[in-house]
Each structure stands twice: as C-alpha cells, then as structure tokens.
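Asker: When we follow my numbering, the leftmost residue of the sequence shown carries the number 3, and every step to the right adds one.
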Amino acid sequence: MKRKGHSYFIVITMGIGLLVMAVLYGTINSQLPDPYGLRKTDYRLLGRPLYKLDISWPKYTEHFTGDVFGVAVNHLAGLVYVAQRGDNVPKVLVFSTDGEFIQAWNTTTLEMPHGIFLANASNNPTVWITDVGNGPYGHSIKQYSPSGKLLQVLGSAGQAGSGVNPLQFDQPAEIFVHSSGEIYIVDGDGGMNNRLVKLSKELQMIWMHGEKGSGMAQFYIPHSVTVDNYQRVWVADRGNKRIQVFNAVTGDWLGSWGSCFTEDAPYSVRLTPDQKYFVVVQLNTNQISLLEAPPVGVIGQCRVVSVIQLAEDIKPHLVDLDLKTGALYVAEIGAQQAQKFTPFTLGGGFL
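(1) Quick one: residues in its chain with C-beta nearer than 6 Å to the C-beta of residue 68, no 5 flanking neighbours on either side, listed in chain order?
(2) Return the first residue and the last residue of the beta strand (DSSP E) that residue 146 is part of.
(3) What's the C-alpha gap between residue 341 and residue 225?
(4) Between the beta-carbon of residue 255 and the beta-carbon of residue 219, is there less than 8 Å?
(5) Would you mind sorting residue 64 into buried or exposed? The rule is 16 or more other CB atoms within 10 Å of its CB.
(6) Are there three or more Cβ pairs, one per stretch, closer than 8 Å when the segment 110 to 126 is compared with the segment 169 to 185?
(7) Check residue 165 in the structure and name its three-state DSSP category.
(8) Classify residue 36 as buried or exposed, calling it buried when 16 or more other Cβ atoms lie within 10 Å of its own Cβ.
(9) Tell me whether the beta-carbon of residue 295 lies closer than 8 Å to the beta-carbon of residue 189.
(10) Quick one, which of 267, 48, 281, 193 has its alpha-carbon nearest residue 228's?
(11) Is residue 269 near residue 234, with beta carbons less than 8 Å apart?
(12) So for residue 241, helix, strand or coil by DSSP?
(13) Return the residue from the list 50, 328, 154, 52 that minimises the CA-CA distance to residue 412.
(14) In this structure, how does DSSP classify residue 355 when only helix, strand and coil are distinguished?
(15) Could you give the C-beta distance for residue 310 and residue 343, rounded to a whole number, given that I count them as a contact under 8 Å?
(16) Going by DSSP, what residues sit across from residue 77 in a beta bridge?
(17) Given 8 Å as the limit, is there contact between the segment 69 to 85 and the segment 102 to 115, that is, 3 or more CB pairs closer than that?
(18) Heavy atom of the ligand NAP less than 7 Å from the Cβ of residue 63, yes or no?
(19) List the residues that DSSP assigns as beta-bridge partners of residue 86.
(20) Under the rule that 16 or more other beta-carbon atoms within 10 Å means buried, what is residue 60, buried or exposed?
(21) Which class does residue 218 belong to by DSSP, given the choice of helix, strand or coil?
(22) In the DSSP assignment, find the beta strand (DSSP E) that holds residue 270 and state where it starts and stops.
(23) In angstroms with no decimal places, state the Cα-to-Cα distance between residue 103 and residue 202.
(24) CB residue 71 to CB residue 338, shorter than 8 Å?
(25) Can you check the segment 174 to 201 for any beta strand (DSSP E) of at least 3 residues that lies completely inside it and give the ranges in chain order?
(26) Go ahead and label residue 197 buried or exposed: buried means 16 or more other beta carbons lie within 10 angstroms of its beta carbon, across all protein chains shown.
(27) So residue 285 and residue 319 are in contact, right, with Cβ under 8 Å, and what is the actual spacing, rounded?
(28) Alpha carbon to alpha carbon, what distance is there between residue 45 and residue 167?
(29) Residues in the same chain with beta-carbon distance under 7 Å from residue 275, minus the five sequence neighbours each way, listed in chain order, please.
(30) Under the rule that 16 or more other beta-carbon atoms within 10 Å means buried, what is residue 114, buried or exposed?
(31) Measuring alpha carbon to alpha carbon, tell me which residue in 304, 300, 298 is nearest residue 292.
(32) Kindly indicate which residue of 128, 57, 111 has the alpha-carbon position closest to the one of residue 77.
(33) If you measure between the beta carbons of residue 185 and residue 174, is that distance less than 8 Å?
Laid out in structure tokens, this is it:
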C-alpha cells in the first residue's frame, strides 16, 4: 500500500509538471532569444497547440525592405516566395524553406502585389501574383516563371473594370490555381467589384458570383480563396466578416461561417496538407486561427481549435502552407516580415 501511494504521488507530480510546462510554453518559449541576434515576434498559443514559431527562419531579416503582403511555397523545390510593397524595393523575395536568401525579383512589371500563389509545383511551376496598383501594370493578375520572368497577364493591365469579355479586374485580391488547371479569383480588394470568378484551364469563364451585398453568394471585399479535396470553394468574405462556401463544379452556394469572426474579419483562408484544419488570419486582432474542417457534405458551424496570438500591430495578412512538411508561412504587413511556424508533430502527423 505504501508503494502504491508513492506511485500515485509520482504520477500526479509528473502530471502537474507537464501541465505547467504546457501553460508556460506560449509565454516563455515564445520569448526565447533569437540565436541569430534578430528581433522576433512574441506570441501566445491558445487552445490546442498545433504550431510553434521557427525562430531561425529566415536566417537574416535585412532583406525585408517593404510591407509584406503575401507568401507562397513550392514544397517540392523547397522555396518560399514573399511579395512586398514599397518604393524602390524588390517586389518578390525568394528564400529557401531552410531560411537561406536565394534572390530578389527587381521586375518593373509589378506595382502593388497583394496575393501570391505557386501553381503546378510537380511539373512546370509558375508564380501568380495579383496586382492592385493604379499605374500601367495594375488591376491585373500576372504569371511569372520561378526566376521572375513575366509569362502572361490576366485582365486589362492599368484599366480597372468589371468586364467579362475581355476579362477586367479592379484590385484583384487573390488567385488559387487548382491542380486541374482551373483558376479561382476573388476580385476585389475594395474596388468596384465583389466577385468570385472561376476560369477554365484555357482561361474561359465557367461561372461567377458578382453581386455586392450581405446575402447568400453576395460579397463585400472577398479577400482570399481556397479549394478543398471535396470540391468545395472557401472564400474569406472580409467585409461581411464570414467565410462562404460554394460547390466548385456548379458554383452553387453551400453555406457560410460567421460566428467565429465577431471581433474581426477573416483575411486569409488556407487548408493544412491533411485537410483537417483551415488556417484563417484576422489582421486587426493579430490572430492566426485554426478551424476544424468539416467532412464532405457537411458545413455546419465553425469551430476554432487553436489560436496563435501575435503581438500588437503585427498585422498578419495572407498565409501559405508547405504541402510536404505542413509548415505555415505568414505575411505580416505591420511587422514588415514573413514568419514560419512549424507543426507540433507526433509520429509524422499533427498532435
């Protein structure tokens, strides 16, 4: 009996110790000194801990010279493309997933990049960038080679509009290119359009929702778009503080989530590689939330599983994930940087 009581005491003590470590992790470990002598953002983990900050990425931050708006990952090549704005700054920086600086694009064909997307990583990778500038290259979406060579332009560059034939944009926010080659575009970031557009691989219109408002399939500043493995399109409807869901084939409205966004709007929406969680950014509250992804046929209500609470005025904007490792990259306007978060893993998967 004496030995049994002693064993219980050890188990309880260990349990309390682990609990204390878990509680303190988000406040103490998030403020560990950076071994490279660089300032890193303090952060706290709320709810289930799914991601932790990689303080070693990138290895040197002096390459960030503008306001960082978007990020895209080529998981096969191990490259991270960061889009930034500013006068006399390179509009795209390229890093390795290990944190090494690779190159900068000093292209003159980009004015004000907003969203950035890496398409067709396994065969012929290209980088798509939405441009919300008002100059001769703005109001368009551009496709580049991995080294920054302009390949083609969607829309009427320099001319804001709502036309369909030819296709025009007004401050297009983001583009998502499916593995099938089909393209989904949210247009625009505060301009005259509030549209979700689906194009074929041949750039022909398949379907569109384009009415401003707060009703079903209406938008007010649609800001980000992604497609899951169940042929559902998820749109961060920023101005309406909700995420709307559509059938990718027919364009039919399937539902919406709003209860998770009472304090601030969703700015970015992406899926983890295992399709279990949506990563949603809320810029004004400086939060990165992970929401439980519903199974096929069910939309239901949104449920927040985990939150990365960033420091004040970091202003996270858009995100992307490494489809190989699950690493999360965040573009931060206020902090003028991109950061990497790696998943807590057990046996190769999420905890």
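Beta carbons are placed, not taken as given, at the ideal position from N, Cα and C, and that holds for glycine.
Answerer: A quick look at the data gives this:
(1) 86, 87, 88, 91
(2) 142 to 146
(3) 21 Å
(4) yes
(5) exposed
(6) yes
(7) coil
(8) Only weak support is given to the placement of residue 36: the predicted model assigns it a pLDDT of 38, under 50, and the question is left unresolved by the model.
(9) no
(10) 281
(11) no
(12) helix
(13) Look at the range of the chain in this structure, 3 to 353, and you will see that residue 412 is not part of it.
(14) Since the displayed the chain opens at 3 and closes at 353, residue 355 lies outside it and no answer follows.
(15) 7 Å
(16) Residue 77 is not bridged to any residue.
(17) yes
(18) Among the ligands in the structure shown, none appear at all, so the ligand NAP cannot be discussed.
(19) 70
(20) buried
(21) coil
(22) 270 to 273
(23) 35 Å
(24) no
(25) 174 to 179, 185 to 189, 197 to 201
(26) buried
(27) 6 Å
(28) 47 Å
(29) 323, 325, 328
(30) buried
(31) 304
(32) 128
(33) no
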